[in-house]
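Colleague:
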Amino acid sequence: MSHTVLICDDAIFMRTMVGDILQSAGFEIVGEAETGIQAVEKYKQLRPDLVTMDIVMPDMGGIDAVREIAKFDPQAKILMCSAMGQQALVVEAIQAGAKDFVVKPFQPSRVLEAVQRVLG
Amino acid sequence: MDTSDYAELFLTESREHVSAVNHWLLQLERGAGGDEPVTAIFRAVHTVKGMSATMGYGVVAELSHEMESLLDRVRRKTMVITPEVMDVLFRAADVLEQAVEAAVAGDGDDVSAAPVLERLRAMGGVTPRAEAAIAPGPMDEQLWTAPAPEGTGRVVRVRLVKDTPLRGVRAFLVVQALGRLGEVTGVSPVLASLQANEFDLDFAVRLRTDALPAEIAGMVRSAGDVALVQVDERVRGTPPAATAIRQPPSEASAPAHAARHVRIDLRRLDALMNLIGELVITRGRLQQIGAQLGDPSLDETLAQASRLIGDLRDEIVTSRMVPVWQVFDRFPRLVRDAARGLGKQIDFTIEGKDIELDRSMLEEIGDPIVHLLRNAVDHGIEGPEGRERAGKAREGRLVLSAARDRSAVVIRVTDDGRGIDRVRVIEKARAAGLMDAAKPDLSDDELVRLVSRPGFSTAERVTDLSGRGVGLDAVLSRVRALGGSVDVKTQAGVGTTVTLRLPLTLAILRALLTRVDAELYAVPMTHVCETVELKSDRLRTLRGREVLTLREEVLPLLRLRDIVGLPRRAGEAREHVIVLELAERRAGLVVDGLAGQEEIVVKQYDPVRSHMQAFSGATILGDGAPALILDVSSLS
Numbered sequence: 001m002s003h004t005v006l007i008c009d010d011a012i013f014m015r016t017m018v019g020d021i022l023q024s025a026g027f028e029i030v031g032e033a034e035t036g037i038q039a040v041e042k043y044k045q046l047r048p049d050l051v052t053m054d055i056v057m058p059d060m061g062g063i064d065a066v067r068e069i070a071k072f073d074p075q076a077k078i079l080m081c082s083a084m085g086q087q088a089l090v091v092e093a094i095q096a097g098a099k100d101f102v103v104k105p106f107q108p109s110r111v112l113e114a115v116q117r118v119l120g
Numbered sequence: 121m122d123t124s125d126y127a128e129l130f131l132t133e134s135r136e137h138v139s140a141v142n143h144w145l146l147q148l149e150r151g152a153g154g155d156e157p158v159t160a161i162f163r164a165v166h167t168v169k170g171m172s173a174t175m176g177y178g179v180v181a182e183l184s185h186e187m188e189s190l191l192d193r194v195r196r197k198t199m200v201i202t203p204e205v206m207d208v209l210f211r212a213a214d215v216l217e218q219a220v221e222a223a224v225a226g227d228g229d230d231v232s233a234a235p236v237l238e239r240l241r242a243m244g245g246v247t248p249r250a251e252a253a254i255a256p257g258p259m260d261e262q263l264w265t266a267p268a269p270e271g272t273g274r275v276v277r278v279r280l281v282k283d284t285p286l287r288g289v290r291a292f293l294v295v296q297a298l299g300r301l302g303e304v305t306g307v308s309p310v311l312a313s314l315q316a317n318e319f320d321l322d323f324a325v326r327l328r329t330d331a332l333p334a335e336i337a338g339m340v341r342s343a344g345d346v347a348l349v350q351v352d353e354r355v356r357g358t359p360p361a362a363t364a365i366r367q368p369p370s371e372a373s374a375p376a377h378a379a380r381h382v383r384i385d386l387r388r389l390d391a392l393m394n395l396i397g398e399l400v401i402t403r404g405r406l407q408q409i410g411a412q413l414g415d416p417s418l419d420e421t422l423a424q425a426s427r428l429i430g431d432l433r434d435e436i437v438t439s440r441m442v443p444v445w446q447v448f449d450r451f452p453r454l455v456r457d458a459a460r461g462l463g464k465q466i467d468f469t470i471e472g473k474d475i476e477l478d479r480s481m482l483e484e485i486g487d488p489i490v491h492l493l494r495n496a497v498d499h500g501i502e503g504p505e506g507r508e509r510a511g512k513a514r515e516g517r518l519v520l521s522a523a524r525d526r527s528a529v530v531i532r533v534t535d536d537g538r539g540i541d542r543v544r545v546i547e548k549a550r551a552a553g554l555m556d557a558a559k560p561d562l563s564d565d566e567l568v569r570l571v572s573r574p575g576f577s578t579a580e581r582v583t584d585l586s587g588r589g590v591g592l593d594a595v596l597s598r599v600r601a602l603g604g605s606v607d608v609k610t611q612a613g614v615g616t617t618v619t620l621r622l623p624l625t626l627a628i629l630r631a632l633l634t635r636v637d638a639e640l641y642a643v644p645m646t647h648v649c650e651t652v653e654l655k656s657d658r659l660r661t662l663r664g665r666e667v668l669t670l671r672e673e674v675l676p677l678l679r680l681r682d683i684v685g686l687p688r689r690a691g692e693a694r695e696h697v698i699v700l701e702l703a704e705r706r707a708g709l710v711v712d713g714l715a716g717q718e719e720i721v722v723k724q725y726d727p728v729r730s731h732m733q734a735f736s737g738a739t740i741l742g743d744g745a746p747a748l749i750l751d752v753s754s755l756s
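Chains as they are written, first to last, in this note's numbering: chain A, 1 to 120; chain B, 121 to 756.
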């Protein structure tokens, strides 16, 4: 059975790209979120095996979303998607409950390695 | 640990590595030890490079990088050591030392490293910095740039994959993963630096855990982007104390000494702290009782005692005994450079490196010793041809030794040079009217006293021929100010030995209290050999001087009554003789009585009146009475 994924990013371009990478590796994309609030709602609703989370999103940022999700489900497996220079934010996200991170621009192999680590 | 602590650790450690570099450069120049010197220097500069890059000290990192590149070529035998290479390396070591100090002081850009960098590059060829810094050669795999952190448990060393994105966060994930196996008790660089990417690719974690090394390594790798992981077999149980500075990162980088750190036996320090703590408490009680009794004289004494206890506490907290090598280690370079400049060959050895002295004492004594060494090289030891003509080996010998002698430390500088030219000194002294023309010769003591007269030693004609004039007076006054004494033994054509006898600490002295009339005088135990009762049958007069015969030894006698200007006592009053030990001589001091030993805190004072020159300071005794401290070295 393939793993289910929720992709959270405000940019369609990024959602598409992450989706493609994961799909081609056999993952099932069960949902997408454009804001932090949406991310939390959809997580509760879909209970995916994996969440990819952008850091900067409108209305509720990725870090707060991680915090909310971890509160709801401490076992949630969240992979942060960050840009260079967001070091401190990534640390904060990990402290909030994220399990690992990937850095843009995405390389498929790196994304998949990180996903394996998060799920492993 | 905040970043300033970290800077201090960087400084301590880098100084040691620079010192190691100098040590091994000297070996390398001599051609001793095969490949070991190159390897050791390489390791030392590599470690400095890693640390300085971590700290963001650009100049230090660049310099150590270039040194490393050059040494790498030597190591790989694509380059041979020539005198020019040695010169550049020595110069680079000097600039590196300056750069380390400047970087920590916050003015790293003040050091002009450009000329030496250029020379290094010209010799070693330019190595792109990033490549060398990241690509580990076969040897680099054993070289970890991050020092082992404080804390208990095992040391886990981790190297991330080159080009790891956000390596700070990756390192954080590794630390977090390790936390799942037990308690992380220390991280190096500190977590905040790690998260800020302030490290090369290496970091180290101290982990207290029951997990096996293989499990630990597996956990580290599970965090991702890990190139290398090494779990130390040793487990440290007891927590390190604040005063113990940690293990060197690499045993091999420390030549000649097993440990190159300030080490204080904590039990001793703790015991002292406990005692002084108890004393402070007792003081509180005493003050309460004093307040209840309302006795003015008691109050006065209590106030006195309070101050003394406060002083004592401060001293215990701040005082640290350190081994002399911390200062002595820079001397081989100094001697080498001075000798080279003069075209002389000198075999310089240091003995008793581990003898300890009060830290501030050691700092004070550094300059006088430099003076003495320079004198020996400049004037004492002859050039190779001169030595050959004198029937000596072409290579001169210079020995600096430290030894503990009861409550004193004895430091000697011995050379096998030409000694003080007695004839010329006498000539000069007669000309200057400092010596009776009828007197045929001078004793060693007189000779030394002559050449160390301030005016005498700086007189042109003597300085360039006496071989001993320069700065000896400066050494003498400095050492006396520290409560020590100086002696010089010289033999024309054979050599000179200068002996310094120093108390162990500056502020607290153990003193023998002596009495003349109702007054007490303190004699530092540094100079006390023994005390005997004065028996008239042992007393003689020799060449107009009173002497005492003690076990076959004839000691000149001095009377404290004469020194302080009191008349001698009439009749058969019982008197005591304190046998004083100066650097190399002995003398007897006659006093009315002895009043025991006491730890005294030295108060410096200004000897305004000339006859007070016999005293180096004053102290307040336990009972509140003041006492003058005898300056033993001034007695003659």
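Cβ atoms here follow ideal geometry from the backbone N, Cα and C, with glycine treated the same way.
Using Cβ-Cβ distances below 7 Å, what residues of the region 282-294 of chain B are close to chain A?
Modeller: Hits within the stretch, in order: Pro285, Leu286, Gly288, Val289, Phe292 and Leu293.
Colleague: Taking Leu680(B) as the reference, give the member of Arg705(B), Phe735(B), Leu659(B) and Arg630(B) with the closest Cα.
Modeller: Comparing Cα positions, the closest option is Phe735(B).
Colleague: Which residue comes first and which comes last in the alpha helix (DSSP H) that contains His185(B)?
Modeller: Taken as a continuous stretch (DSSP letters only), the alpha helix (DSSP H) holding His185(B) covers Gly178 to Arg195.
Colleague: Along the chain, where does the alpha helix (DSSP H) containing Arg600(B) start, and where does it finish?
Modeller: Per DSSP, Arg600(B) belongs to the alpha helix (DSSP H) from Leu592 to Ala601.
Colleague: Using the beta-carbon of each residue, which ones in chain B are nearer than 8 Å to Arg67(A)?
Modeller: Those do not exist, as Arg67(A) stays about 16 Å from chain B at its closest Cβ, beyond 8 Å.
Colleague: Using a Cβ-Cβ distance cut-off of 7 Å, determine whether Gly344(B) contacts chain A.
Modeller: True, the Cβ-Cβ gap to chain A drops below 7 Å.
Colleague: Which residues, in order along the region 35-60 of chain A, keep a beta-carbon less than 8 Å from a beta-carbon of chain B?
Modeller: Taking 8 Å as the Cβ-Cβ cut-off against chain B, none of the residues of the region 35-60 of chain A qualify.
Colleague: Give the residues from the region 295-309 of chain B that approach chain A closer than 8 Å (Cβ to any Cβ), ordered along the chain.
Modeller: Cβ contacts with chain A: Gln296.
Colleague: CA-CA distance, Leu129(B) and Thr52(A)?
Modeller: Computed Cα separation, rounded: 41 Å.
Colleague: Quick test of your reading: Val711(B) and Ile698(B), contact by CB under 8 Å. State the CB separation rounded to the nearest angstrom.
Modeller: At roughly 6 Å, the Cβ-Cβ gap stays under 8 Å, so Val711(B) and Ile698(B) are in contact.
Colleague: Where does Ala347(B) fall in DSSP's three states?
Modeller: DSSP places Ala347(B) in strand when its eight states are reduced to three.
Colleague: From Ser656(B), Arg544(B), Arg663(B) and Asp682(B), pick the residue whose C-alpha is nearest to that of Ala693(B); which is it?
Modeller: Cα-wise, what sits closest to Ala693(B) is Ser656(B).
Colleague: Quick one: what's got a C-beta closer than 8 Å to Glu261(B)'s C-beta in the same chain, skipping five residues either side?
Modeller: Residue placement at Glu261(B) cannot be trusted, given a pLDDT of 44 that sits under 50; what the coordinates show is reported in the next sentence. The residues are Leu348.
Colleague: Would you mind reading off the limits of the alpha helix (DSSP H) that contains Val220(B)?
Modeller: Element bounds for Val220(B): Pro203 to Ala225.
Colleague: When DSSP labels each residue in this structure, what does Glu238(B) get in the three-state scheme?
Modeller: Correct three-state label for Glu238(B): helix.
Colleague: By DSSP, does Ser2(A) sit in helix, in strand, or in coil?
Modeller: Ser2(A): coil per DSSP, three-state reduction.
Colleague: So, does the region 311-329 of chain B touch the region 261-281 of chain B, judging by three or more C-beta pairs under 8 Å?
Modeller: Touching, per the Cβ criterion.
Colleague: Taking all protein chains shown into account, do 16 or more other C-beta atoms lie within 10 angstroms of the C-beta of Leu146(B), making it buried, or fewer, making it exposed?
Modeller: Under this definition Leu146(B) is a buried residue.
Colleague: Exposed or buried, what is Val215(B) when buried is set at 16 or more other beta-carbons lying within 10 Å of its beta-carbon?
Modeller: Looking at its Cβ environment, which holds 16 or more other Cβ atoms inside 10 Å, Val215(B) is buried.
Colleague: Thr329(B) lies in the beta strand (DSSP E); which residues open and close that run?
Modeller: Its beta strand (DSSP E) spans residues Asp322 to Thr329.
Colleague: By how many angstroms is the C-alpha of Thr469(B) removed from the C-alpha of Gly153(B)?
Modeller: Computed Cα separation, rounded: 17 Å.
Colleague: Closer than 8 Å is the cut-off here; do at least three beta carbon pairs connect the region 473-483 of chain B with the region 442-457 of chain B?
Modeller: Touching, yes.
Colleague: Note down, in chain order, every chain B residue with its Cβ under 7 Å from the Cβ of Arg15(A).
Modeller: Here the premise fails: no neighbours, minimum Cβ distance about 21 Å.
Colleague: When the Cα atoms are used, what is the spatial distance from Val205(B) to Glu547(B)?
Modeller: Those two C-alpha atoms are separated by around 47 Å.
Colleague: Span of the alpha helix (DSSP H) holding Glu113(A)?
Modeller: Start and end: Pro108 to Leu119.
Colleague: Based on the DSSP output, what are the partners of Ile470(B) in its beta bridges?
Modeller: Leu520(B), per the DSSP bridge assignment.
Colleague: Cα separation between Leu640(B) and Leu709(B)?
Modeller: Approximately 14 Å, taken between the alpha carbons.
Colleague: Taking buried to mean at least 16 other C-beta atoms within 10 Å of its own C-beta, is Leu558(B) buried or exposed?
Modeller: The sequence given here places Ala at residue 558(B); Leu does not occur at that position. Its Cβ having fewer than 16 others within 10 Å, Ala558(B) is exposed.
Colleague: Check whether chain B comes within 7 Å of Gln87(A), counting only Cβ atoms and requiring the distance to be less than that.
Modeller: Judged by the 7 Å Cβ criterion, Gln87(A) is in contact with chain B.
Colleague: Counting only the same chain and skipping the five closest in sequence on each side, list residues whose C-beta sits under 8 Å from that of Met17(A).
Modeller: Counting only Cβ-Cβ distances below 8 Å, and skipping sequence neighbours, we find Phe106.
Colleague: Run through the region 485-548 of chain B for me and flag every whole beta strand (DSSP E) of 3 or more residues, listed as ranges in chain order.
Modeller: Counting whole runs of 3 or more residues, the region 485-548 of chain B contains the beta strand (DSSP E) stretches 516-525 and 528-535.
Colleague: Using DSSP bridges, identify the partner residues of Met53(A).
Modeller: Cys8(A) and Met80(A).
Colleague: Here's the rule I'm using: 16 or more other beta-carbon atoms within 10 Å means buried, otherwise exposed. How should Glu701(B) be labelled?
Modeller: Glu701(B) should be labelled buried.
Colleague: Report the residues of the region 409-423 of chain B with a CB closer than 7 Å to any CB of chain A, ordered along the chain.
Modeller: Those residues of the region 409-423 of chain B that come within reach of chain A (Cβ to Cβ, closer than 7 Å) do not exist; the list is empty.
Colleague: How would you call Ile489(B), buried or exposed, if buried means at least 16 neighbouring beta carbons within 10 angstroms?
Modeller: Buried, because 16 or more other Cβ atoms sit within 10 Å of the Cβ of Ile489(B).
Colleague: With Pro623(B) as the anchor, note down where its beta strand (DSSP E) starts and where it stops.
Modeller: Taken as a continuous stretch (DSSP letters only), the beta strand (DSSP E) holding Pro623(B) covers Gly615 to Pro623.
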